[in-house]
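Worksheet: one structure, shown below.
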Amino acid sequence: MSNDRGVIAETITSILSQRPTGAALLMPGAKLSAELGFSSLEFAELSAQLEDVFGHDPYSAGQFPDTVDGIAEYYEQVSAPGASR
111 MSNDRGVIAE TITSILSQRP TGAALLMPGA KLSAELGFSS LEFAELSAQL
161 EDVFGHDPYS AGQFPDTVDG IAEYYEQVSA PGASR
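In this note's numbering, the protein residues as written are 111 to 195.
Below is the structure:
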């Protein structure tokens, strides 16, 4: 699933790079809301992009991970044998 983490990090970095100040340094454990200041619009964009890539996203499933690691863990859990979304 390390490739998933890379895709997730790239997606978040892409969203951050759209800010006038540019992208912040993204650490796997950085909190999207508290440390990176993700807005509700940025979370909506992240949700849509994750859905495009993976076919579903944690936010629509009622999960609200707030770090790259947390999002990656969601995808690891739902892709495990016998897991349900």
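Idealized CB from N, CA, C, for every residue including glycine. Values in this document were obtained by computation on a predicted structure and should not be read as measured data.
- Task: Return the first residue and the last residue of the alpha helix (DSSP H) that Gln159 is part of.
- Result: Annotation for Gln159: the continuous alpha helix (DSSP H) segment containing it runs 150-164.
- Task: Indicate the three-state DSSP secondary structure (helix, strand or coil) for Leu136 in the structure shown.
- Result: Here Leu136 sits in coil by DSSP.
- Item | Tyr169 - DSSP class collapsed to helix/strand/coil | In the three-state reduction of the DSSP assignment, Tyr169 falls in the coil class.
- Query: So does the stretch 132-140 actually touch the stretch 173-190, counting three or more Cβ pairs closer than 8 Å?
  - Reply: Taking 8 Å as the limit for Cβ pairs, the verdict is that the stretch 173-190 does touch the stretch 132-140.
- Message: Looking at the ligand HEM, does it come within less than 6 Å of Gln159, judged from the CB to the closest heavy atom?
- Response: As presented, the structure is devoid of all ligands, the ligand HEM included, so that no description of it is given.
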